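Protein chains in written order, with the numbering used here: chain A, 1 to 378; chain B, 1 to 299. For each residue, glycine too, the CB sits at the ideal point set by N, CA and C. Predicted, not measured: the structure shown is a model, and the values here were computed from it. What follows is a set of notes on a single structure, which appears directly below.
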């Protein structure tokens, strides 16, 4: 209106100085953001590419069914993946019940007092503790104080402590997502608190809980440092379980932890199942035939072949929980530490297997979470 | 007149269930207590034989020699150097990605990119170690002549790439929690999205962002396998990332690989190292937690 306009009269397109530059910076930032994102994604691509390039030709069936060996041509990951499987089974058995129950307590039952605050602080801090410290705890507590030894049981217990915060937090968030109406409706028709939780809250929270479990398991599969500390061996040429057709050595009479007979003077009637050789306590060898029944002194070793029944019995937890073990990441680490190119190829192949498993699990968890968000409309 | 209908009759079954649930939850506290007890108890045995003064001032870490020295300084420089490189990579990248995702990208793009970045966080650290040793180091050696095969630079870079998802995800959450009214106000005043992002949203989310960076730092400090594989295992005072070195975590792993003889000073030294590590990470965690709580209460 005033005659003293700052913009030249009639120049409608005029705008503050420098706007062009600011708009340019704004647009170009998108480029930077995309570049940064691509660097992140490119890392994943380069990683997968390097592994596949180095190790692809090693991925044969033999690779999965052979033990590691000092001859790279014959080496495989049999003991590693069986070990990983058994350790994860143990881990899940501990972590899932404890984690889910703890999460339910913290969301549904916990009163607002200092005890609850302490528990929550503890869970938050546990999430930030380096994995190797869990190994230190395991060595001091499980291996030493509780005498559980360098076994699968110790490994499972350690890893379950490690992934406990993940499961607890995921359970809490899943339970928190269930609307109050559901709970109150259940309580209104006379359900007890636990009935309401078990039959009404948990089913809706289940997908979120399962997502958390999958993420936890994926984390546990890739862990190396704590298992190294508790004695995950780097060269394992045996399996904690028995396969049919394997030789089985049975000692006559009861033995102590070193294999020496507890009652060396005693003897037993033993029926021989197969042709072979019995090794006496004085290390002399006696050939035997199937069908013979002999009096053998305690401490003698009879060899037989594992049948299907023996193999299945060996899968009972009491048989393998106490066994020494190795896992996939430790095996890969072992091979990576060797300078020879063939071992590095083996490491790459093991890495492909490991990466495939973890990416699959993580992908499944992410997909589950995505479907969760889509499906449930309160 | 209103009765409290949420209070229930005493039912033994309910009480038992609640008890079991409580025990499960209280286990978390027991674990923390257990960690502290084990680490402190064994470290105490260590410090009976090695004076704390030597521990912090001695510049050599040679517990396996005939004339052993127990100064944690070399290990701390290794940890510090690798963490520094990691943060130098992760913070710019992570924040760039976070700002881009939160302020510029469409919702669909965000739904696509965020999960993919999370995949990056799920890669096992041994695989990252392999990657650092056999891809990153040769690549760097082309640009930095004379770079040793084991060095803290490639270990640090890969560690940084590993923690980008953490920093990006947490920072993005912090920025998205900033109310839209602030953004709208800024845009209404004529600012561009970029200016809004850097001058309004980012400062508003700063405590959450700092919390994210501290958590990433804590993750880098606690990382073991990448440094063990690619950083070399030579405890020395490190002045440049192009050297090889050992971190606190790498030392613990190294001793463990050589078969720990229980009860020896060597065995106790890993707990002393663990104590140093735990102190650092618990400090970081408390700082991050306090900062994030402050940020959460602001709105």
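Unbroken alpha helix (DSSP H) run spanning residue i, endpoints
i: residue 32 of chain B; result: 12-49
i: residue 95 of chain B; result: 73-99
i: residue 254 of chain B; result: 248-257
i: residue 247 of chain A; result: Unbroken run through residue 247 of chain A is the beta strand (DSSP E), 247-251; no alpha helix (DSSP H).
i: residue 314 of chain A; result: 308-314
i: residue 89 of chain A; result: 78-104
i: residue 201 of chain A; result: No alpha helix (DSSP H) holds residue 201 of chain A; DSSP gives it neither H nor E.
i: residue 165 of chain A; result: 152-176
i: residue 102 of chain B; result: Here residue 102 of chain B belongs to no alpha helix (DSSP H), and DSSP marks it neither H nor E.
i: residue 181 of chain B; result: 180-188
Per-residue contacts from residue i into chain A (C-beta, under 7 Å)
i: residue 271 of chain B; result: 136
i: residue 24 of chain B; result: 98, 101, 102 and 105
i: residue 218 of chain B; result: 128
i: residue 281 of chain B; result: 128, 129 and 130
i: residue 11 of chain B; result: 192
i: residue 156 of chain B; result: Per Cβ cutoff of 7 Å: no residues; residue 156 of chain B is ~14 Å from chain A at best.
Beta-carbon contacts of residue i that lie in its chain and below 8 Å, excluding the five residues immediately before and after
i: residue 206 of chain A; result: 174
i: residue 171 of chain A; result: 99, 100, 102, 103, 104, 107, 205, 208, 209 and 212
i: residue 162 of chain A; result: 131, 134, 219, 220, 223 and 226
Opening and closing residue of the beta strand (DSSP E) in which residue i lies
i: residue 50 of chain A; result: Element bounds for residue 50 of chain A: not the beta strand (DSSP E) but the alpha helix (DSSP H), 19-55.
i: residue 131 of chain A; result: That residue, residue 131 of chain A, is in no beta strand (DSSP E); its alpha helix (DSSP H) goes 131-138.
i: residue 285 of chain A; result: 285-288
i: residue 303 of chain A; result: 301-305
i: residue 293 of chain A; result: 293-297
i: residue 58 of chain A; result: Premise fails: residue 58 of chain A is in no beta strand (DSSP E) and is neither H nor E.
i: residue 267 of chain A; result: 267-271
Residue from the options whose Cα sits closest to the Cα of residue i
i: residue 266 of chain A; options: A:286, A:244, A:300 and A:273; result: A:300
i: residue 30 of chain A; options: B:42, B:101, B:276 and B:115; result: B:101
i: residue 14 of chain B; options: A:194, A:287 and A:222; result: A:194
i: residue 123 of chain B; options: A:320, A:44 and A:213; result: A:44
i: residue 222 of chain B; options: A:208, A:130 and A:342; result: A:130
i: residue 172 of chain B; options: B:181, B:96, B:39 and B:128; result: B:96
i: residue 26 of chain B; options: A:106, A:263, A:37 and A:64; result: A:106
i: residue 82 of chain A; options: A:34, A:315 and A:283; result: A:315
i: residue 197 of chain A; options: B:18, B:177 and B:11; result: B:18
i: residue 130 of chain B; options: A:350, A:148 and A:88; result: A:350
i: residue 37 of chain B; options: B:75, B:275, B:82 and B:77; result: B:275
i: residue 360 of chain A; options: B:119, B:16, B:210 and B:237; result: B:119
i: residue 35 of chain A; options: B:48, B:93 and B:184; result: B:93
Contacting residues, own chain, Cβ-Cβ under 6 Å from residue i (five flanking each side not counted)
i: residue 170 of chain B; result: 212
i: residue 242 of chain B; result: 147, 151 and 153
i: residue 160 of chain A; result: 91, 94 and 95
i: residue 275 of chain A; result: 289 and 290
i: residue 162 of chain B; result: 128
Cross-chain neighbours of residue i in chain A, by beta carbon under 9 Å
i: residue 81 of chain B; result: The premise fails here: residue 81 of chain B is roughly 17 Å from chain A at the closest Cβ pair, so nothing lies under 9 Å.
i: residue 48 of chain B; result: Per Cβ cutoff of 9 Å: no residues; residue 48 of chain B is ~17 Å from chain A at best.
i: residue 229 of chain B; result: 333, 336 and 337
Chain-ordered neighbours of residue i on chain A, where CB pairs are closer than 8 Å
i: residue 118 of chain B; result: 362 and 366
i: residue 100 of chain B; result: 29, 30, 32, 33, 34, 36 and 37
i: residue 277 of chain B; result: 130, 132 and 133
Chain B contact residues for residue i, given Cβ-Cβ distances below 8 Å
i: residue 131 of chain A; result: 222 and 224
i: residue 204 of chain A; result: Under the 8 Å cutoff, chain B gives no residues; its nearest Cβ is about 18 Å from residue 204 of chain A.
i: residue 347 of chain A; result: 130
Residues that residue i contacts on chain B, provided the C-beta gap is smaller than 7 Å
i: residue 300 of chain A; result: Neighbours of residue 300 of chain A on chain B: none; closest Cβ ~32 Å, over 7 Å.
i: residue 113 of chain A; result: In chain order: nothing, as chain B lies at least about 12 Å away.
Nonlocal neighbours in the same chain, by C-beta distance under 7 Å from residue i, ignoring five residues either side
i: residue 69 of chain A; result: 75
i: residue 110 of chain B; result: 101
i: residue 57 of chain B; result: 71
i: residue 154 of chain A; result: 138, 142, 143, 148 and 230
i: residue 233 of chain B; result: 246, 250 and 254
i: residue 39 of chain B; result: 271, 274, 275 and 278
Within chain B, partners of residue i - CB distance below 9 Å
i: residue 355 of chain A; result: 123, 124 and 127
request  = Identify each residue in the stretch 15-41 of chain B for which the Cβ-Cβ distance to at least one residue of chain A is less than 7 Å, and report them in chain order.
outcome  = So the close ones are 17, 18, 20, 21, 22, 24, 25, 26, 27, 28, 29, 31, 32, 34, 35, 38 and 39.
Against chain B: residues of the stretch 184-198 of chain A by CB proximity under 8 Å = Correct list: 187, 192, 193 and 194.
key: Chain-ordered residues of the stretch 150-161 of chain A with a beta carbon less than 8 Å from chain B   = Of all residues in the stretch 150-161 of chain A, the ones placed with a Cβ closer than 8 Å to any Cβ belonging to chain B are 161, in chain order.
ask   = the stretch 164-192 of chain B: which residues have C-beta closer than 7 Å to a C-beta of chain A, in chain order?
value = Contacts with chain A (Cβ-Cβ distance below 7 Å) from the stretch 164-192 of chain B involve 164 and 192, listed in chain order.
inquiry  = Taking beta-carbon pairs under 7 Å, can you tell me which members of the stretch 323-340 of chain A lie near chain B?
reply    = From the stretch 323-340 of chain A, only 329, 332, 333 and 336 have a Cβ closer than 7 Å to chain B.
ask   = For the stretch 13-33 of chain A, which residues have a CB atom closer than 7 Å to at least one CB atom of chain B, in sequence order?
value = Those would be 22, 23, 25, 26, 29, 30, 32 and 33, in chain order.
message = Beta carbons nearer than 8 Å to chain A: which residues of the stretch 117-147 of chain B have them?
response = With the criterion set as a beta carbon lying under 8 Å from some beta carbon of chain A, the members of the stretch 117-147 of chain B are 117, 118, 119, 120, 122, 123, 124, 125, 126, 127, 128, 129, 130, 131, 133, 134 and 135, in sequence order.
key: Where the stretch 200-229 of chain A meets chain B: residues whose CB sits under 8 Å from a CB there   = Taking 8 Å as the Cβ-Cβ cut-off against chain B, the residues of the stretch 200-229 of chain A that qualify are 215, 218, 219, 221, 222, 223, 224, 225, 228 and 229.
message = Please identify, using Cβ separations under 8 Å, the residues of the stretch 266-281 of chain A that lie next to chain B, in order along the chain.
response = For the stretch 266-281 of chain A, which is checked against every Cβ of chain B, not one residue is closer than 8 Å.
key: Chain-ordered residues of the stretch 235-249 of chain B with a beta carbon less than 8 Å from chain A   = So the close ones are 249.
key: Cβ-based contacts, 8 Å cut-off: residues of the stretch 55-82 of chain A near chain B   = Considering only beta carbons, no part of the stretch 55-82 of chain A lies closer than 8 Å to chain B.
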